[in-house]
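These notes are about the structure you will find just below.
In this note's numbering, the protein residues as written are 263 to 583.
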């Protein structure tokens, strides 16, 4: 029913925008799965640094940022925006080193969900927060035992590495900050904001990446895989989401992208062998439901004088992880 309503509201009267969003989500999750294959060689920090540096080079070339010299106002917008982007990506990669991809995505989604709900004082948003908390409760219990922490994600059944959960939550905090900083960056930097932000994010991540991976980062096969990750995690999703955003209402776009944790869980199961128990799937479904609910009810209080919100599912383009 929701998909039918979205499709009929599409300005192109076809399913191209829906296919674009779906392909972008699959591309992001597939890129994260490929990135995970680099962890034994470059670690999460090295992989993050390579992905962001290559994505920054691609975006700077697309937007030709050298044509406009940086001034103080542009730097004030780009620096916090890029800092949030860099920290979000690095923490997310550290998280998926320890916990399954779908669980990490669902946990990280609590960041934009919190931004959307806490910016509103409407009662309905308290219900979505409650649903998200219930989802987190299903994703956890966690276990602090050394055996659980050392186990690969595919071997984890009912216990999760607590450090991985905390890292995903921290990535969500920076995702929330990224949303808030992204608005200012977009107003100041225009369409080239992702290029500037990605460049700052790469500069943030590079020292950590070099410290962790060293010369392994410049091995030809590592650079080739990292380029694939940069393309599939940044360049392709960015282009597809921009195409969809021009043809779908913001709320519809938010509803569709809310399914990303579920896509991540399926990708992790198919490509990484991360088989999740039923309780974890229910937890992911609860957080996806809370995100969809927040997006559907965004702005409904406007007519009654209540403040609305932008919707948790409406993520800045090119952000993910």
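Even glycine gets a Cβ: it sits at the ideal position worked out from N, Cα and C.
Three-state secondary structure (DSSP) of residue i
i	result
residue 422	strand
residue 520	coil
residue 298	helix
residue 367	helix
residue 511	coil
residue 542	helix
residue 359	coil
residue 326	coil
residue 537	coil
residue 529	helix
residue 402	coil
residue 331	coil
residue 559	coil
residue 354	helix
residue 345	helix
residue 264	Any reading at residue 264 must be qualified, since the residue scores a pLDDT of 43, below 50, and its modelled position is unreliable; the value itself is stated next. If DSSP states are grouped into helix, strand and coil, residue 264 belongs with the helices.
Per-residue burial, residue i [other beta carbons within 10 Å of its own, 16 or more giving buried]
i	result
residue 299	exposed
residue 535	exposed
residue 497	buried
residue 629	Examination of residue 629 is not possible in this model, given that the chain is present from 263 through 583 alone.
residue 213	Residue 213 falls outside the range modelled here, since the chain spans only 263 to 583, and no answer is possible.
residue 485	exposed
residue 359	buried
residue 473	exposed
residue 477	exposed
residue 416	Because residue 416 carries a pLDDT of 45, less than 50, the predicted location of this residue cannot be relied on, and the following value inherits that uncertainty. Exposed is the call here.
residue 326	exposed
residue 388	exposed
residue 316	buried
residue 540	exposed
residue 392	exposed
residue 323	exposed
residue 439	buried
residue 399	exposed
Beta-carbon proximity list for residue i, same chain, < 8 Å, skipping 5 on both sides
i	result
residue 318	457, 460, 461, 463 and 464
residue 529	288, 291, 292, 294, 295, 363 and 364
residue 533	292 and 295
residue 487	296, 299 and 300
residue 341	462
Residue i versus residue j: straight-line alpha-carbon distance, rounded
i	j	result
residue 330	residue 353	32 Å
residue 481	residue 394	42 Å
residue 409	residue 425	At residue 409 the pLDDT is 47, less than 50, meaning the model places this residue with poor confidence and gives no usable figure here.
residue 503	residue 277	14 Å
residue 310	residue 471	7 Å
residue 386	residue 279	29 Å
residue 511	residue 467	34 Å
residue 301	residue 363	14 Å
residue 282	residue 433	25 Å
residue 313	residue 490	9 Å
residue 332	residue 509	32 Å
residue 636	residue 469	A question about residue 636 goes unanswered here, because the residues of the chain that appear run from 263 up to 583.
residue 436	residue 494	22 Å
residue 350	residue 492	15 Å
residue 558	residue 544	20 Å
residue 546	residue 531	14 Å
residue 377	residue 285	26 Å
residue 556	residue 538	26 Å
residue 321	residue 501	11 Å
Close Cβ partners of residue i (< 7 Å) along its chain, the five nearest in sequence each way excluded
i	result
residue 427	361, 369, 402 and 404
residue 367	522, 523 and 526
residue 339	446, 447, 450 and 451
residue 356	306 and 429
residue 506	279, 282, 283 and 515
Same chain only: Cβ atoms within 6 Å of residue i, ignoring 5 sequence neighbours per side
i	result
residue 396	548
residue 308	471, 474, 475 and 479
residue 454	325 and 327
residue 334	none
residue 554	517 and 520
Any non-hydrogen atom of the ligand HEM within 6 Å of residue i CB
i	result
residue 386	Questions concerning the ligand HEM fall outside what the structure shown contains, since it holds no ligand whatsoever.
Give, in chain order, every unbroken run of the beta strand (DSSP E) that is at least 3 residues long and sits entirely within the stretch 431–504.
The stretch 431–504 contains no whole beta strand (DSSP E) run of 3 or more residues.
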